[in-house]
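Have a look at the structure below, then the notes.
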Amino acid sequence: MGARSALLDLMEQLNQGVIASDLRLPIALLVLVNAALLVAANILILVAERKKEIAVLKAIGARESEIIKMVLAEAMLVSGVGALLGFSLIRVQAFLNQWTNAVGLLSLIWMLFLDLVIILGMTLFAAILFGWIPAKKYASLSVMEVLRNE
């Protein structure tokens, strides 16, 4: 009877671990989609507030591609700084937790580096993808149209 209950307990623990690991990917994807939409909304607001500046840049000869590059650089900078701050706060806690569980320091640093590369890569990709739409929209406005509506 004791062996059977021990086996059932083990199966329950394994099932809980499988369920927990199966939920990590969908939750991570939901967080990524949420972050991407926040980036898109913030960049749209930033660009809308600078509509007049963009019109002045176009009036003095800036090309549409230069304005798009400027907006995308700003989107990447804002998103990258946000990702670095968030990553740093979370990884300090995770680093201390893993270090106290007797994981080697070198492997911890390697995991930290890989996580950082993945997070920054995904963040910058989302910033470019979702920053392109408002950048293209406002870079294609005519100078007269913007200044007339101001």
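For what it's worth, our numbering labels the leading residue of the sequence shown as 102, then goes sequentially. Glycine included, C-beta positions come from ideal geometry on N, C-alpha and C. Keep in mind the model is a prediction, meaning the values are calculated, not measured.
Going by other Cβ atoms of all chains shown within 10 Å of its Cβ, with 16 needed for buried, is M245 buried or exposed? Walking along the sequence shown from the start, residue 245 turns up at place 144. Exposed, since its Cβ has fewer than 16 Cβ neighbours within 10 Å.
I believe V140 touches A228 by the beta-carbon criterion, under 8 Å. Please report the beta-carbon distance rounded to the nearest angstrom. As a working note, residue 140 is residue 39 in the sequence shown. As a working note, residue 228 is residue 127 in the sequence shown. About 5 Å separates the two Cβ atoms, so the contact holds.
For A136, does the count of other Cβ atoms within 10 angstroms reach 16, so buried, or fall short, so exposed? Residue mapping note: residue 136 aligns to position 35 of the sequence shown, counting from 1. It is buried - the Cβ of A136 has at least 16 other Cβ atoms within 10 Å.
Quick check: the stretch 165-173 against the stretch 202-221, are at least 3 beta-carbon pairs closer than 8 Å? The stretch 202-221, when compared against the stretch 165-173, does not touch it at the 8 Å Cβ threshold.
Residue span of the alpha helix (DSSP H) that contains N202, given as start and end: Locating residue 202 in the sequence shown gives position 101, counting from the first residue. First-last for N202: undefined, no H or E at that position.
Would you call the CB atoms of L225 and M171 closer than 7 Å? Position 124 of the sequence shown, counted from the start, is the residue given in the question as residue 225. Position 70 of the sequence shown, counted from the start, is the residue given in the question as residue 171. Taking 7 Å as the Cβ cut-off, L225 and M171 do not qualify as a contacting pair.
Start and end of the alpha helix (DSSP H) containing A163? Counting from 1 along the sequence shown, the entry for residue 163 is found at position 62. A163 -> no alpha helix (DSSP H), and no H or E assigned at all.
Determine contact between the stretch 185-194 and the stretch 209-223, defined as no fewer than three beta-carbon pairs at a distance below 8 Å. Short answer: they touch.
Go ahead and label G232 buried or exposed: buried means 16 or more other beta carbons lie within 10 angstroms of its beta carbon, across all protein chains shown. In the sequence shown, counting from the first residue as 1, residue 232 sits at position 131. Under this definition G232 is a buried residue.
Could you check which residue in A160, A149, L221 and Q199 has the C-alpha nearest to that of L186? In the sequence shown, residue 186 corresponds to position 85, counting from 1. Measuring from the Cα of L186, the nearest candidate turns out to be L221.
Along the chain, where does the alpha helix (DSSP H) containing L252 start, and where does it finish? Here the chain covers residues 102 to 251 and nothing more, so residue 252 does not appear.
Alpha-carbon to alpha-carbon, A156 and L248: Locating residue 248 in the sequence shown gives position 147, counting from the first residue. Locating residue 156 in the sequence shown gives position 55, counting from the first residue. When rounded, the separation of the alpha-carbon atoms in L248 and A156 is 7 Å.
Rounded to the nearest angstrom, what separates S243 and V182 at their Cα positions? Locating residue 243 in the sequence shown gives position 142, counting from the first residue. Locating residue 182 in the sequence shown gives position 81, counting from the first residue. So the two alpha carbons sit approximately 32 Å from each other.
Exposure label - V148; buried when at least 16 CB within 10 Å: Residue numbering aside, residue 148 sits at position 47 when the sequence shown is read from its first letter. Looking at its Cβ environment, which holds 16 or more other Cβ atoms inside 10 Å, V148 is buried.
Indicate whether Q199 and L207 have their beta-carbon atoms separated by less than 7 Å. For the purposes of this step, residue 199 is taken as residue 98 along the sequence shown, with counting starting at 1. For the purposes of this step, residue 207 is taken as residue 106 along the sequence shown, with counting starting at 1. Cβ distance not < 7 Å, so Q199 and L207 don't count as in contact.
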